[in-house]
Amino acid sequence: MGRVTKKVLKSLLVISSVAALFVIGTNLWVVLSTADQVHFDAEEITGQEVVLLLGTSKNTSSGELNQFFDQRINSAAQLYNSGKIAHILVSGDNRTNYYNEPRDMYQALVEKGVAKEDVTLDFAGLRTLDSIIRGKKIFGLDSYIIVTQEFHCYRALFIANKYDIAAISFAADDPDYLAWKIYLREVIARSLAVLDLYVFNKEPRYLGQQEPLEL
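Numbering-wise, my numbering puts 255 at position 186 of the sequence shown, and it's gapless, one number per residue.
Below, the structure written as structure tokens:
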């Protein structure tokens with residue numbers, strides 16, 4: 070093995086080690102700094118009026134019902150129907166006429182007994198960061214309950230904390246089976262969120278005119 074090859078391999082090893090430490094460190098920061106804000110029992114939820122329901126697709130790529138979608142709807146509707154909250158802000162992506170997360174979630178919530186007038190749709194929640202920040206900057210919310218799956222709660226809360234939003238989360242049940250790819254994607258997403266917030270100062274793709282919720 071030549072001297073140049075050894076130097077290249079050594080450099081790659083150093084870069085890989087630094088990257089691994091960064092991923093591990095940022096994930097620990099994201100999870101440990103928000104763990105006490107994640108709730109699993111609806112009885113623990115008090116003092117908030119609004120749920121921020123993070124969007125996901127109604128169906129999987131194979132056409133089956135997406136269990137992430139189903140469980141988020143169930144959790145948000147549970148809080149509403151038990152009188153814990155008065156309003157639901159649904160934030161998601163509507164990239165085409167055939168893919169519209171807020172519309173699908175709205176219809177599912179109404180079927181679960183949520184009054185139409187108690188649901189507001191945010192069609193510009195293209196990413197978790199967009200949904201969290203728009204909740205404050207567009208809809209005027211300084212506090213809310215984030216509803217999504219547990220593994221997603223930590224990152225969402227981390228973003229909310231950076232923007233001084235008094236948020237807690239109610240963790241929706243996980244699907245029967247979570248693929249390792251989903252966990253890996255979330256691990257990477259947490260590290261990218263740290264970069265977005267503290268290095269690149271990312272803002273939502275779309276902001277625009279304020280639309281404060283009337284509660």
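For each residue, glycine too, the CB sits at the ideal point set by N, CA and C.
7 Å Cβ shell around residue i - same chain, five flanking residues per side excluded
i      : result
ILE154 : GLN117, GLU118, VAL119, VAL120, LEU148, ILE214
SER260 : PHE91, VAL92, THR95, ASN96
PRO281 : PHE208, GLY209
ASN128 : LEU134, ASN135
ILE84  : none
Identity of the residue in the options nearest residue i by Cα
i      : options                        : result
TYR275 : ILE207, ALA248, ALA236         : ILE207
ASP243 : ALA262, PHE137, LEU210, PRO281 : PHE137
GLY209 : GLN278, GLN176, THR197         : GLN278
TYR168 : ILE114, LEU253, VAL216, GLY124 : GLY124
ARG224 : VAL159, ASP199, PRO171         : ASP199
THR217 : GLU112, LEU81, ASP139, THR115  : ASP139
Close Cβ partners of residue i (< 6 Å) along its chain, the five nearest in sequence each way excluded
i      : result
ILE157 : VAL120, LEU122, ALA145, VAL188
LEU195 : ASP162, ARG274
ALA177 : ILE142
Proximal residues to residue i (C-beta, below 8 Å), its chain only, five neighbours per side dropped
i      : result
VAL256 : VAL92, ASN96
Cβ pair residue i, residue j closer than 7 Å
i      : j      : result
LYS205 : TYR232 : yes
Span of the beta strand (DSSP E), counted from its first residue to its last, around residue i
i      : result
ASP191 : 188–191
TYR213 : 212–218
ALA240 : 235–241
SER160 : 156–160
Endpoints, alpha helix (DSSP H) assigned at residue i
i      : result
SER260 : 249–267
Exercise for the section: Count the C-beta pairs between the region 137–145 and the region 256–273 that are closer than 8 Å, then say yes if the count reaches three, no if not. Expected result: Counting Cβ pairs under 8 Å, fewer than three are found: no touch.
Problem - the region 226–242 contacting the region 97–111, beta-carbon criterion three pairs below 8 Å - result: Yes, they touch.
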